[in-house]
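Data block below; observations after.
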Amino acid sequence: MDDVESQPETGHHIAQPTTPSPPTSPPPDTFDDALLASYGKRSSIPLDDEVTRLLKFNQSLLDAPGTRISTSPEALVEEFMSGPQLEDCLGLHDSMRSALVSQFASRDTALNDKVQRLREQYKALNDPWQIQCQRIDRLDDARRQKQAALAASEEAAVVSSRSSRRSANLGLFADAVRSDLEMEQVIATLGNEDLTDPNFLAIRNTATIPDMISVTDRWEEGCQYDDTNGIVSDPEKFFSPDVSLGHWSDEEKSIFLQQYASVPKQFGKIATFLPHKTAQQCVLYYYLNKKEINFRSILMRNGSRGRRGGGRRSGKQKGNALLADIR
Numbered sequence: 030m031d032d033v034e035s036q037p038e039t040g041h042h043i044a045q046p047t048t049p050s051p052p053t054s055p056p057p058d059t060f061d062d063a064l065l066a067s068y069g070k071r072s073s074i075p076l077d078d079e080v081t082r083l084l085k086f087n088q089s090l091l092d093a094p095g096t097r098i099s100t101s102p103e104a105l106v107e108e109f110m111s112g113p114q115l116e117d118c119l120g121l122h123d124s125m126r127s128a129l130v131s132q133f134a135s136r137d138t139a140l141n142d143k144v145q146r147l148r149e150q151y152k153a154l155n156d157p158w159q160i161q162c163q164r165i166d167r168l169d170d171a172r173r174q175k176q177a178a179l180a181a182s183e184e185a186a187v188v189s190s191r192s193s194r195r196s197a198n199l200g201l202f203a204d205a206v207r208s209d210l211e212m213e214q215v216i217a218t219l220g221n222e223d224l225t226d227p228n229f230l231a232i233r234n235t236a237t238i239p240d241m242i243s244v245t246d247r248w249e250e251g252c253q254y255d256d257t258n259g260i261v262s263d264p265e266k267f268f269s270p271d272v273s274l275g276h277w278s279d280e281e282k283s284i285f286l287q288q289y290a291s292v293p294k295q296f297g298k299i300a301t302f303l304p305h306k307t308a309q310q311c312v313l314y315y316y317l318n319k320k321e322i323n324f325r326s327i328l329m330r331n332g333s334r335g336r337r338g339g340g341r342r343s344g345k346q347k348g349n350a351l352l353a354d355i356r
């Protein structure tokens, strides 16, 4: 120590030895690695020991006897219907009762107000409509009277025109039409008036609007609609397997195809060759098998199209022969 202290001081400092820093671990790559690193910094207990301790604790909870005593379903129902749970349920129902009653009352009030408003609206529209209908009826009556008078004047004009030819200088029938041209002009004028008058045009388009039941008779019983859609009057006949399509044998199918090729879609004639099938069953068989059996190819195979084409060609040849004669 004395030797060290007796060393002369110089202007240079002696470097002290540095302690090596602990190596830094690389940053974790996954979330699980980060959790393990965080646990290692915060706890001195190894991770395996901590996991073993937690497993033993959970196992002890699992092995502990349950506190719930097994009861019968009747006891559970009795407990629910007589205990505090029943009181809570009844209290909830009582609290909701007033809200439901008020909601239903407000709904009924709104519905009644709407019905009353619609009735008043209908009455407000029905009165002017009835007045308009009466006015249109009066115009229609006037038009009919006018047409009747016109028809009478036409008859008088015909008589006057015949008489005027015989006695043109007598001066009779001075207020009547003098010629057929004037008569046509009068008729055309009356026709144009009917075509341009909106009241007469409305007569043709007028619809008969029935009154509302609630307005005409408030105490009338509700209308009843007798719905007969899909009604089956005879279930035994309707569900019988012999009514609809029935069973078709191979012989009947071949006969049907042969007769269809000779008389297409004449199911009455086709049914005459099938003693156990009716025309309705033939129609049903045709439309049920239309997608599976190519009836058009059957017609073409039997020469129906060829006969039509031959007829057309013969007509064309006949026309060419006529043109040749003209030339």
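Numbering (the numbering used here), first residue to last: 30 to 356.
No residue lacks a Cβ here, since even glycine has one placed at the ideal position from N, Cα and C.
Item	Value
Using DSSP with H/G/I as helix, E/B as strand and the rest coil, what is W277?	coil
CB F365 to CB I327, shorter than 8 Å?	Absent from the structure is residue 365, since the part of the chain shown begins at 30 and ends at 356.
In whole angstroms, give me the CA-to-CA distance for T257 and D263.	14 Å
Determine the burial state of L224: buried for a count of at least 16 other Cβ atoms within 10 Å of its Cβ, exposed for fewer.	exposed
Using the C-alpha atoms, what's the distance from F268 back to K294?	28 Å
Just checking my contact of F324 with V312 at CB under 8 Å: how many whole Å lie between their CB atoms?	The pair is not a contact, with the Cβ atoms about 13 Å apart (cut-off 8 Å).
Give the secondary structure of L84 by DSSP, where H, G and I count as helix, E and B as strand, and everything else as coil.	helix
Buried or exposed: where does Q288 fall if 16 or more other Cβ atoms within 10 Å of its Cβ makes it buried?	buried
Which residues in the same chain as C162 place their Cβ atom closer than 8 Å to its Cβ, once the five residues preceding and following it in sequence are excluded?	T235
Using the three-state DSSP reduction, which class does E103 fall into: helix, strand or coil?	helix
Between which two residues does the alpha helix (DSSP H) holding R233 run?	P227 to R233
The alpha helix (DSSP H) spanning V312 covers which residue range?	A308 to L317
Out of curiosity, what's the CA-to-CA distance linking V130 and R148?	27 Å
Near W158, what residues of its chain come up, given a Cβ to Cβ distance below 8 Å and the 5 sequence neighbours on each side ignored?	I238
Please classify I299: is it buried, with 16 or more other beta-carbons within 10 angstroms of its beta-carbon, or exposed?	buried
When the Cα atoms are used, what is the spatial distance from A128 to A134?	10 Å
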